[in-house]
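1434 is the number of the first residue of the sequence shown in the numbering used here; add one for each residue after it. The C-beta atom is built at its ideal place from N, Cα and C for all residues, glycine as well.
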Amino acid sequence: MSNHVYKLTELTGSSEKSIEEAVRNAVDRAAQTIRNMRWLEVVETRGHIENNKFKHWQVTVKIGFTLEDAN
């Protein structure tokens, strides 16, 4: 078994529908440029209000991914 080194990145996803979709949006966007994602941690959940009405969820996540071995 090899030792792994992990790196964290923090992102905020948003959704008008749900907290879960906001998380999914952040992870899906990260997947476009980050390889080897392994886990996530929800660190903050908040809602955006516009004109005195709920507009959308904003969820901040930390995504952990393994660094690739240097060759």
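The beta carbons of residue 1497 and residue 1444 sit no closer together than 7 Å. Just measuring C-alpha positions, the residue of 1501, 1456 and 1465 sitting nearest residue 1494 is 1456. Here DSSP, grouped into helix, strand and coil, assigns residue 1494 to strand. The residues 1448, 1452, 1455 and 1480, in chain order, have a CB closer than 6 Å to that of residue 1490 in the same chain once the five nearest residues on each side in sequence are set aside. Secondary structure at residue 1462: helix, using DSSP grouped into helix, strand and coil.
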